[in-house]
Amino acid sequence: MIIQDSMTANVLMTGRLAPGRAGESRRVAHVFEVDAASSSAEVLARCGESLPRTHIEWLAPGVGMPCESCLGLAGADLPRSPLSELGV
Ligand SMILES: [Zn+2]
């Protein structure tokens, strides 16, 4: 008996723009949930950045400077102001 899974498989991958496609400061490692069954030209990172599939350098996990937005870190630490907390 063959059971076919009808769910599409999303693969979690990290990648960044390939060398020469952008300045080094824009080459942060984004997190992508890639639909293995999709053949779209663009892939959408968790942070909302859309990159052309052919311009992405796929990375092993932990390689490269991570995109803080993709990791959910951006905005997590709001700047604290001790003076306003003291009512000054
Ligand atoms: Zn990102």
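Position 24 of the sequence shown, counted from 1, bears residue number 710 in the working numbering, the numbering being contiguous throughout. Note that CB positions come from ideal geometry on N, CA and C, so glycine has one too. The model shown is predicted, which means the values in this text are computed figures rather than measured ones.
Spatial neighbours of residue i in its chain, beta-carbon cut-off 7 Å, leaving aside the 5 residues before and after
i, result
"Cys756", "His716, Val717, Ala731, Arg732 and Cys733"
"Ala746", "none"
Integer-rounded CB distance, given that residue j should sit under 8 Å from residue i
i, j, result
"Ala727", "Arg739", "6 Å"
"Glu743", "Gly701", "6 Å"
Outcome for residue i when other beta-carbon atoms lying within 10 angstroms are tallied against a minimum of 16
i, result
"Leu769", "exposed"
"Leu772", "exposed"
"Leu698", "exposed"
"Val729", "buried"
Beta-bridge pairing of residue i - partner residues as DSSP gives them
i, result
"Val749", "Its beta-bridge partners do not exist; DSSP assigns none."
"Glu771", "Paired residue(s): none; Glu771 is not in a bridge."
Residues near residue i by beta carbon distance below 8 Å, same chain, minus five either side
i, result
"Glu703", "The question names Glu, yet the displayed sequence has Leu at residue 703. Excluding residues within five positions, the ones whose Cβ falls inside 8 Å are Arg712, Arg713, Leu737, His741, Ile742 and Glu743."
Please list, following the chain, all residues that have a C-beta closer than 7 Å to any non-hydrogen atom of ligand 1.
Of all residues, those with a beta-carbon under 7 Å from at least one heavy atom of ligand 1 are Val714, His716, Val717, Ala731, Arg732, Cys733, Glu735, Cys753, Ser755 and Cys756, reported in chain order.
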